[in-house]
Amino acid sequence: MKHSIGSYPRVRVQDDGRQVVSQAGSVLLVETVRKTGLDQAISRALAPWRKPRAVHDPGKVLLDVALAVALGGDCLADIGMLRAEPAVFGPVASDPTVSRLIDNLAVSGEKALRAIRAARAEVRERVWRLADRQAPDAGGQVTVDLDGVLVIAHSDKEDAAPTWKRTYGHHPLMGFVDHGPGGTGEPVAALLRPGNAGSNTAADHITAAQLALAQLPKQYRRGRRTLIRTDSAGGTHDFVAWLAQRGRWLSYSVGMVITDAIHSRALKVPESVWTPAIEADGEIRDGAWVAELTGDVLDGWPKGLRLIVRKERPHPGAQLRLTDADGMRLTCFATNTSGRPIAELELRHRLRARAEDRIRAARATGLRNLPLHHTAQNRIWLEIVQTALDLLAWMPTLALTGTARLWEPRRLRLRLFTAAGQLVTTGRRRILRLARHWPWTSHITTALERLTQLPDPG
0 MKHSIGSYPR VRVQDDGRQV VSQAGSVLLV ETVRKTGLDQ AISRALAPWR KPRAVHDPGK
60 VLLDVALAVA LGGDCLADIG MLRAEPAVFG PVASDPTVSR LIDNLAVSGE KALRAIRAAR
120 AEVRERVWRL ADRQAPDAGG QVTVDLDGVL VIAHSDKEDA APTWKRTYGH HPLMGFVDHG
180 PGGTGEPVAA LLRPGNAGSN TAADHITAAQ LALAQLPKQY RRGRRTLIRT DSAGGTHDFV
240 AWLAQRGRWL SYSVGMVITD AIHSRALKVP ESVWTPAIEA DGEIRDGAWV AELTGDVLDG
300 WPKGLRLIVR KERPHPGAQL RLTDADGMRL TCFATNTSGR PIAELELRHR LRARAEDRIR
360 AARATGLRNL PLHHTAQNRI WLEIVQTALD LLAWMPTLAL TGTARLWEPR RLRLRLFTAA
420 GQLVTTGRRR ILRLARHWPW TSHITTALER LTQLPDPG
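Here is the structure:
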């Protein structure tokens, strides 16, 4: 006898539920805000924008928008999902109040941006102290990846323009701290640019690097404790010269375009000089080799620059480029790091690919589009997006362990933040009861316990 699997069960739906909390798992983000002191820092930073007799604190309003974005919102009106849960998020401003604040901050321009950035930098230093050995400083060095992001505009917005991919929108330049294989990453720079902004504009890379460095604790701004890493868009004479001028306290690893001179010099490297490339586990990479180029190919570049080229057999079916040679694909990068094998340096540069993961997370967290019309408003929006991404990086760093620390925003929302709960009031205590059958309830409760054990700011 065959037993068929039934369809979905039928349930009767009513709208008279009480004390039910949606997005109950978002208490993880709220507790992260409290323990890191982000609420206090942004409140102090935006105090000049609080009008007399105002009901809502501008810092709380901005942070509420960031929380909505962290939970999956992509416009200012999505703050309504917080307004519906006052037991978790407290009093939340109305949509007109939120819009007025964004407009006021946009009018203030750089002054407002500096205030928000200073608050984020202050809290970042505290988070890294709380994280202790989990702070993103592999071997005592912090890695910052700079990369451009194309943001499509579906309507006419200020500074939207055709992009190099024949789309229409903006081309912000972002910076992310790489947490390495054991974590995700934090945004430390977001420079809003028109869609037709050049990928290899040195002035923009310099500005983005300055914004990123300003976000780091002071101890990482000397003794080469920070590595700036870019793709070939950063391999310009002006940007590399700027990096080299700070060579005493700044390391760099920037991709380089395969010029005719580099191509010609690579062809002259003897086979005996090529060193096998390695993988992250230290194993030799089959079919890939690296070599350091010297001689006149370095003319015109700063002193101390090392030029390392990689050749590898392309994947089956891959189309060769004009810069490839002898059936091998060539790539190149420059660095000022000395005293380490070139295979290790090439692996370190190749791990820049993790920046693509950070960009994917940013697109899923408010960067799918820029929702406001004016550029000044969208600059504030980028700071909100970065604040949301900060929270999505800080919470796993401080509270999650194992593979859960690697979960990207969409998985955090699906498994943790969307968990339902019931609010129970007993005496003077309010208890949020999470669903016992939810597979990831233990992740939430354990993470909250870790956050609770952290010292309070102040």
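For the sequence shown, numbering that gives the first Met the number 0 begins at 0 and goes up steadily by one. Note that the Cβ used here is the ideal one computed from N, Cα and C, for glycine as well.
With 16 as the cutoff for other CB atoms within 10 Å, does Ala-111 come out buried or exposed? As a position in the sequence shown, residue 111 is number 112, starting the count at 1. Ala-111 is buried by the Cβ-count criterion.
Who are Arg-228's beta bridge partners in DSSP? Residue 228 sits at position 229 when you count from the first residue of the sequence shown. According to DSSP, Arg-228 bridges with Asp-144 and Ser-252.
What is the C-beta distance between Glu-30 and Leu-450, in whole angstroms, given that I count them as a contact (C-beta under 8 Å)? Counting from one through the sequence shown, the residue named residue 30 turns up at place 31. Counting from one through the sequence shown, the residue named residue 450 turns up at place 451. Sure, about 5 Å apart at Cβ, within 8 Å.
Throw me the rounded Cβ distance for the Thr-417 and Gly-24 pair, which I believe falls under 8 Å. Your numbering for residue 417 matches position 418 in the sequence shown. Your numbering for residue 24 matches position 25 in the sequence shown. Rounded, the Cβ-Cβ distance is 6 Å, consistent with contact.
For Ala-418, three-class secondary structure by DSSP: As a working note, residue 418 is residue 419 in the sequence shown. It is coil, neither helix nor strand.
Hey, which unbroken runs of the beta strand (DSSP E) at 3 residues or more fall wholly within the region 147-202? 167-169, 172-177 and 184-190
Cβ-Cβ distance between Thr-334 and Leu-344 below 8 Å: The residue you call residue 334 lines up with position 335 of the sequence shown. The residue you call residue 344 lines up with position 345 of the sequence shown. Closer than 8 Å, so yes.
Residue interval of the beta strand (DSSP E) (run including Leu-61): Taking the first residue of the sequence shown as position 1, residue 61 is located at position 62. Premise fails: Leu-61 lies in the alpha helix (DSSP H), 57-69, not in any beta strand (DSSP E).
Quick test of the definition: if touching needs 3 or more C-beta pairs under 8 Å, does the region 99-107 touch the region 436-448? no
Report yes if the C-beta of Asp-77 is less than 7 Å from at least one heavy atom of the ligand MG; otherwise report no. Although the ligand MG was asked about, the structure shown includes no ligands whatsoever.
Contact set for Glu-121: own chain, Cβ-Cβ below 7 Å, skip 5 residues either direction: The residue labelled residue 121 in the question sits at position 122 within the sequence shown. Ala-40.
Can you list, in chain order, the residues of its chain with a C-beta nearer than 7 Å to that of Leu-249? Leave out the 5 residues immediately preceding and following it. Start at 1 with the first residue of the sequence shown, and residue 249 comes out as number 250. Arg-223, Thr-225, Ile-227 and Leu-242.
When we look at the beta-carbon of Val-256 and count the other beta-carbons within 10 Å, is it buried (16 or more) or exposed? Here the question's residue 256 lines up with position 257 in the sequence shown. With fewer than 16 other Cβ atoms within 10 Å, it is exposed.
Please state whether the Cβ-Cβ distance between Leu-191 and Arg-362 is less than 8 Å. Your numbering for residue 191 matches position 192 in the sequence shown. Your numbering for residue 362 matches position 363 in the sequence shown. Cβ distance not < 8 Å, so Leu-191 and Arg-362 don't count as in contact.
Taking only three categories from DSSP, how would you classify Asp-285? Sequence index remark: in the sequence shown, residue 285 carries index 286 (1-based). DSSP places Asp-285 in strand when its eight states are reduced to three.
Are the region 168-177 and the region 259-272 touching by the rule of at least three beta carbon pairs closer than 8 Å? no
Are the CB atoms of Leu-100 and Pro-57 nearer to each other than 8 Å? Translated into positions along the sequence shown, residue 100 becomes position 101. Translated into positions along the sequence shown, residue 57 becomes position 58. Against a cut-off of 8 Å, the Cβ pair of Pro-57 and Leu-100 comes out as a contact.
Name the two residues that bound the continuous alpha helix (DSSP H) containing Pro-95. What you label residue 95 is simply residue 96 of the sequence shown in a count that begins at 1. From DSSP, the alpha helix (DSSP H) with Pro-95 extends over 94-107.
Between Leu-45, Asp-38 and Arg-43, which has its C-alpha nearest Asp-63's C-alpha? As a first step, residue 63 is located in the sequence shown; it is residue number 64 there, counting from the start. Selected option, being the one with the closest Cα: Asp-38.
Determine the closest residue to Thr-229 out of Val-12, Leu-433 and Ala-352, with distance taken between C-alpha atoms. Mapped onto the sequence shown, residue 229 falls at position 230. That would be Ala-352, whose Cα lies nearest to the Cα of Thr-229.
Mapping the DSSP letters down to three states, classify Ile-307 as helix, strand or coil. Locating residue 307 in the sequence shown gives position 308, where the first residue counts as 1. It is a strand residue.
Leaving out the 5 sequence neighbours to the left and right, which residues in its chain are closer than 6 Å to Gly-286 when beta-carbon positions are compared? Start at 1 with the first residue of the sequence shown, and residue 286 comes out as number 287. The answer, listed in chain order, is Glu-311 and Arg-312.
CA-to-CA distance, Gly-303 to Leu-297, given in whole angstroms: Translated into the one-based positions of the sequence shown, residue 297 becomes position 298. Translated into the one-based positions of the sequence shown, residue 303 becomes position 304. Approximately 10 Å between the Cα atoms of the pair.
Ala-69 to Ala-137, Cα distance in whole Å? The count along the sequence shown starts at 1 and reaches residue 69 at position 70. The count along the sequence shown starts at 1 and reaches residue 137 at position 138. If you take the alpha carbons of Ala-69 and Ala-137, they lie about 27 Å apart.
For His-290, the residue or residues it bridges with in DSSP: Position 291 of the sequence shown holds residue 290. The sequence given here places Ala at residue 290; His does not occur at that position. Answer by DSSP bridge pairing, in chain order: Val-308.
Quick check: what's the CA-CA separation for Ser-154 versus His-169? Sequence index remark: in the sequence shown, residue 154 carries index 155 (1-based). Sequence index remark: in the sequence shown, residue 169 carries index 170 (1-based). Going by the C-alpha atoms only, they are around 12 Å apart.
Quick check on this structure: which residue in Leu-27, Ile-78, Pro-85 and Leu-28 has the alpha carbon closest to the alpha carbon of Val-19? The residue given as residue 19 occupies position 20 in the sequence shown. When only C-alpha atoms are compared, the closest one is Pro-85.
Assuming contact is defined by CB atoms lying nearer than 8 Å, are Ile-341 and Ile-307 in contact in what I supplied? Taking the first residue of the sequence shown as 1, we reach residue 341 at position 342. Taking the first residue of the sequence shown as 1, we reach residue 307 at position 308. Yes, these two residues count as a Cβ contact at 8 Å.
What does the alpha-carbon distance come out to for the pair Arg-412 and Leu-28? Here residue 412 refers to the residue found at position 413 when the sequence shown is read from its first residue. Here residue 28 refers to the residue found at position 29 when the sequence shown is read from its first residue. Rounded to whole angstroms, Arg-412 to Leu-28 spans 11 Å at the Cα level.
So, Gly-194 versus Thr-162, is the Cβ gap smaller than 8 Å? Translated into positions along the sequence shown, residue 194 becomes position 195. Translated into positions along the sequence shown, residue 162 becomes position 163. Contact flag set, yes.
Three-state secondary structure (DSSP) at Ile-78? As a first step, residue 78 is located in the sequence shown; it is residue number 79 there, counting from the start. Helix.
Secondary structure of Ala-46, DSSP reduced to three states: Position 47 of the sequence shown, counting from 1, holds the residue named residue 46. Reduced to three states, the DSSP call for Ala-46 is helix.
Any idea which residues DSSP pairs Arg-9 with across the strands? By one-based count along the sequence shown, residue 9 stands at place 10. Answer is none; Arg-9 lacks a bridge partner.
Beta-carbon within less than 8 Å of Tyr-167's beta-carbon, same chain only, minus the 5 sequence neighbours each way: which residues are those? Your numbering for residue 167 matches position 168 in the sequence shown. Same-chain partners within the cutoff: Ile-151, Ala-152, Ala-159, Ala-160, Pro-161 and Gly-194.
Leaving out the 5 sequence neighbours to the left and right, which residues in its chain are closer than 6 Å to Ala-434 when beta-carbon positions are compared? Walking along the sequence shown from the start, residue 434 turns up at place 435. Here the set comprises Ala-419.
Identify whether His-399 lies in helix, strand or coil by the three-state DSSP scheme. Within the sequence shown, numbered from 1, the residue matching residue 399 stands at position 400. According to the sequence provided, residue 399 is Leu. The question's His does not apply to it. Three-state DSSP puts Leu-399 in coil, outside helix and strand.
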